[in-house]
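**Q** The structure is given below, and queries will be raised subsequently.
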Amino acid sequence: MNCSLYHFRWISPDKIIGSQSCDRQQAADVAFTCCHSYSDAMPLSPNDTEVFNKSMDPDYELRRKAGILPSLEDLLFYTIAEGQEKIPAHKFTTALKATGLRTGDPRLKECMEMLKVTLKTTSDGALDRHLFKKCVQSNIVLLTQAFRKKFVIPDFQPFCAHIDELYDNAKNLSGGQVADYIPQLARFSPDLWAVALCTVDGQRHTVGDTKVPFCLQSCVKPLKYAIAVHDHGTEYVHRFIGKEPSGLRFNKLFLNEDDKPHNPMVNAGAIVCTSLIKVGCVHVMNFMNKMAGNEYVGFSNATFQSERESGDRNFAIGYYLKEKKCFPEGTDMTSILDFYFQLCSIEVTCESASVMAATLANGGFCPITGERVLSPEAVRNTLSLMHSCGMYDFSGQFAFHVGLPAKSGVAGGILLVVPNVMGIMCWSPPLDKLGNSVRGIQFCTDLVSLCNFHNYDNLRHFAKKLDPRREGGDQRFFTYKFLILSHFLLLIGQHSGLT
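If you want it as structure tokens, here you go:
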């Protein structure tokens, strides 16, 4: 056993506040005791570690050039191992899920594939430091961010516990009626209730019936408006559609003083918006798949057929729009209405729709693929109109009480966006008299009552609300722990040949 002595010092920014000599194992034990949770044990940045090591170790530069300094992969290993020589694979994946990342995240594909291959070569399902490094090195930047709590919701598990509590509170509601104007909507149980969220960093949480497919219905309106603006630009789109709330029912035969539909969130505006998109579901489905990070996006042909057969009101709106010359020249109105019904019949799950909402929250970049799907202009305009017009005749109340962009649909969905933070999809079929999900409205209201997500919450002085974007505890204390761990690993590496 190596009995070399180590000398470690407890350091504050101003002075040394304690010191002690110990052997190698004791030094490691103290390091891991100091870093009591997975996410507390990573350096704030490579520069933090480097500056600290240079100040403490005169031979630091020589060791760095010789390649015997601990790497990010080493630090991550010791963070998770907690003093053990090996990490069971399930311990790594459990720790990963606690940060909000999923093992199926497309950004972790290389890591998970290598982990699967590597585990076939082990008899105990555990990884030593070298095998662990081999598995994680291709995705070390993302993994380091996750375990350093550098995601938008740093303390993700406590936040998820709050979400589950809000879900349970809304689950107890029994009011509302399931839409029954077509059989495909009427068949859903009023007991179905689901909430899924995806942050702009790709952290995921779901609760309830989140894998049950349902049609977007009116929740597709902001998405196709975003596609139209992305394809053609704001100026062209708003030659045909206004930007103001109508103050009327969503399916009224009524135009503004310029003979335009009031906005793209009412049926008249959505029908005109459909005429601005390249006809054919393939183009739109391609966008939807990209927004959802290639998660489930389907199509209900039965819903489409029923929508077309019972769509007299929308046909009346279509002919009224044609009479008023609201469509681009050369538009085939009946084909556009078919296309409109098709888009309403696109299926999603709560999980896939939450990624769509997160793409809007993330400025048009899909959080789990990193791909730019929509232009910043399209996203900004879409969120603005969702905020002012997205919740039928409840839009003003929702903007007042919740203060976030959202869009509801008669299938029971509410697509909610917390800009720069996360996207949420709530789904419960029972609707209130205005056509919004009863449980969904309650959940959104409770969420903003708990967390300072309202657009006009003061982030500095609204102490009564939680701010999930801020890490709990004393961040400066965590900083000292990160630096202490990195220095301990450096000392251990000097004697053990850590590479």
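For the sequence shown, UniProt numbering assigns the number 1 to the initial residue and increments by one for each residue that follows. No residue lacks a Cβ here, since even glycine has one placed at the ideal position from N, Cα and C.
Output the distance between the C-alpha atoms of residue 534 and residue 95, rounded to the nearest integer angstrom.
**A** Limits of the chain in this structure are 1 at one end and 499 at the other, which puts residue 534 out of reach.
**Q** Rounded to whole angstroms, how far is the Cβ of residue 106 from the Cβ of residue 293, which I believe are closer than 8 Å?
**A** Along the sequence shown, one-based indexing puts residue 106 at 106. Along the sequence shown, one-based indexing puts residue 293 at 293. Rounded, the Cβ-Cβ distance is 7 Å, consistent with contact.
**Q** Per DSSP, residue 430 is paired with what?
**A** As a first step, residue 430 is located in the sequence shown; it is residue number 430 there, counting from the start. Looking at the DSSP assignment, residue 430 forms a beta bridge with 178.
**Q** Using three-state DSSP, classify residue 88 as helix, strand or coil.
**A** Locating residue 88 in the sequence shown gives position 88, counting from the first residue. DSSP places residue 88 in strand when its eight states are reduced to three.
**Q** Rounded to whole angstroms, what's the CA-CA distance from residue 443 to residue 177? Just pull it up for me.
**A** By one-based count along the sequence shown, residue 443 stands at place 443. By one-based count along the sequence shown, residue 177 stands at place 177. Distance between the alpha carbons of residue 443 and residue 177 is about 17 Å.
**Q** Tell me whether residue 228 is buried or exposed, calling it buried when 16 or more other Cβ atoms sit within 10 Å of its Cβ.
**A** Counting from 1 along the sequence shown, the entry for residue 228 is found at position 228. Answer is buried; the Cβ neighbour count reaches 16.
**Q** Whole angstroms is fine: what's the gap from residue 153's alpha carbon to residue 145's?
**A** Stepping through the sequence shown from its first residue, residue 153 is reached at position 153. Stepping through the sequence shown from its first residue, residue 145 is reached at position 145. Those two C-alpha atoms are separated by around 12 Å.
**Q** CB-CB under 6 Å to residue 356, same chain, minus the five flanking residues each way: which ones, in chain order?
**A** The residue you call residue 356 lines up with position 356 of the sequence shown. Excluding residues within five positions, the ones whose Cβ falls inside 6 Å are 291, 292.
**Q** In angstroms with no decimal places, state the Cα-to-Cα distance between residue 223 and residue 128.
**A** As a first step, residue 223 is located in the sequence shown; it is residue number 223 there, counting from the start. As a first step, residue 128 is located in the sequence shown; it is residue number 128 there, counting from the start. Cα to Cα, the separation comes out at about 47 Å.
**Q** Nearest to residue 574 by CA position, among 353, 143, 118, 122, is which residue?
**A** The requested residue 574 does not occur in the structure, where the chain is confined to residues 1 to 499.
**Q** Output the distance between the C-alpha atoms of residue 319 and residue 253, rounded to the nearest integer angstrom.
**A** If you number the sequence shown from 1, residue 319 lands on position 319. If you number the sequence shown from 1, residue 253 lands on position 253. About 10 Å.
**Q** Would you list the one or two residues that DSSP bridges to residue 214?
**A** Counted from its first residue, the sequence shown places residue 214 at position 214. In DSSP, residue 214 forms a bridge with 348.
**Q** Just to confirm, are residue 277 and residue 261 a CB contact at a threshold of 8 Å?
**A** As a working mapping, residue 277 is identified with position 277 in the sequence shown. As a working mapping, residue 261 is identified with position 261 in the sequence shown. In this structure, residue 261 does not lie closer than 8 Å to residue 277 by Cβ.
**Q** On the CB-based measure, 16 or more other CB atoms within 10 Å of its CB, does residue 352 come out buried or exposed?
**A** Mapped onto the sequence shown, residue 352 falls at position 352. With 16 or more Cβ atoms within 10 Å of its Cβ, residue 352 is classed as buried.
**Q** Would you report the Cα separation of residue 220 and residue 248, rounded to the nearest angstrom?
**A** Within the sequence shown, the letter at position 220 stands for residue 220. Within the sequence shown, the letter at position 248 stands for residue 248. About 20 Å.
**Q** Kindly provide the ranges of any alpha helix (DSSP H) runs that are 4 or more residues long and lie completely inside the segment 111 to 180, ordered along the chain.
**A** Listed in chain order, the complete alpha helix (DSSP H) runs (minimum 4 residues) inside the segment 111 to 180 are 129 to 136, 140 to 147, 156 to 171.
**Q** Going by the DSSP bridge assignment, what does residue 414 pair with across the sheet?
**A** Working through the sequence shown from its first residue, we reach residue 414 at position 414. Per DSSP, 408, 426.
**Q** Rounded to whole angstroms, what's the CA-CA distance from residue 408 to residue 431? Just pull it up for me.
**A** By 1-based counting over the sequence shown, the position of residue 408 is 408. By 1-based counting over the sequence shown, the position of residue 431 is 431. Each residue's alpha carbon lies about 10 Å from the other.
**Q** Can you tell me whether residue 187 is buried or exposed, with buried defined as 16 or more other CB within 10 angstroms of its CB?
**A** As a first step, residue 187 is located in the sequence shown; it is residue number 187 there, counting from the start. Classification for residue 187: exposed.
**Q** Give the single residue among 272, 204, 285, 375 whose Cα lies nearest to the Cα of residue 330.
**A** Taking the sequence shown and counting its residues from 1, one reaches residue 330 at position 330. Here the closest residue by C-alpha is 272.
**Q** Please classify residue 402 as buried or exposed, where buried requires at least 16 neighbouring CB atoms within 10 angstroms.
**A** Working through the sequence shown from its first residue, we reach residue 402 at position 402. With 16 or more other Cβ atoms within 10 Å, it is buried.
**Q** Hey, how far is the Cα of residue 83 from the Cα of residue 75?
**A** Here residue 83 refers to the residue found at position 83 when the sequence shown is read from its first residue. Here residue 75 refers to the residue found at position 75 when the sequence shown is read from its first residue. Answer to the nearest angstrom: the Cα atoms are 12 Å apart.
**Q** With DSSP as the reference, label residue 454 as helix, strand or coil.
**A** Locating residue 454 in the sequence shown gives position 454, counting from the first residue. DSSP places residue 454 in coil when its eight states are reduced to three.
**Q** Can you tell me whether DSSP reads residue 437 as helix, strand or coil?
**A** Residue mapping note: residue 437 aligns to position 437 of the sequence shown, counting from 1. Strand at residue 437.
**Q** Could you say which of 121, 71, 72 lies nearest to residue 89 if we only look at CA atoms?
**A** On the sequence shown, residue 89 is found 89 positions in, with the first residue counted as 1. Selected option, being the one with the closest Cα: 121.
**Q** Just list the alpha helix (DSSP H) runs in the segment 324 to 379, keeping only unbroken ones of 4 residues or longer that don't cross its boundaries, in chain order.
**A** Runs of the alpha helix (DSSP H) inside the segment 324 to 379: 333 to 344, 350 to 361.
**Q** State the Cα-Cα distance for the pair residue 179 and residue 333, rounded to the nearest angstrom.
**A** Taking the first residue of the sequence shown as 1, we reach residue 179 at position 179. Taking the first residue of the sequence shown as 1, we reach residue 333 at position 333. The alpha-carbon atoms of residue 179 and residue 333 are separated by roughly 27 Å.
**Q** When the Cα of residue 455 is compared with those of 470, 323, 416, which residue comes out closest?
**A** Numbered from its first residue, the sequence shown carries residue 455 at position 455. It is 416 whose Cα lies nearest to the Cα of residue 455.
**Q** Note the first and the last residue of the continuous beta strand (DSSP E) segment covering residue 204.
**A** Counted from its first residue, the sequence shown places residue 204 at position 204. Taken as a continuous stretch (DSSP letters only), the beta strand (DSSP E) holding residue 204 covers 204 to 208.
**Q** Whole angstroms are fine: how far does the CA of residue 428 sit from the CA of residue 299?
**A** Counting from 1 along the sequence shown, the entry for residue 299 is found at position 299. Counting from 1 along the sequence shown, the entry for residue 428 is found at position 428. Residue 299 and residue 428: Cα-Cα distance of roughly 19 Å.
**Q** Could you pull out every residue in the same chain whose Cβ sits closer than 7 Å to the Cβ of residue 457, ignoring the five residues on either side in sequence?
**A** In the sequence shown, the residue the question calls residue 457 occupies position 457. These residues qualify, in order along the chain: 465.
**Q** According to DSSP, which residues form a beta bridge with residue 298?
**A** Your numbering for residue 298 matches position 298 in the sequence shown. Residue 298 pairs with 347.
**Q** Note down, in chain order, each residue of its chain lying with its Cβ closer than 6 Å to the Cβ of residue 374, except the 5 sequence neighbours on either side.
**A** For the purposes of this step, residue 374 is identified with residue 374 of the sequence shown, where counting begins at 1. Excluding sequence neighbours, residue 374 sits near 226, 230, 364.
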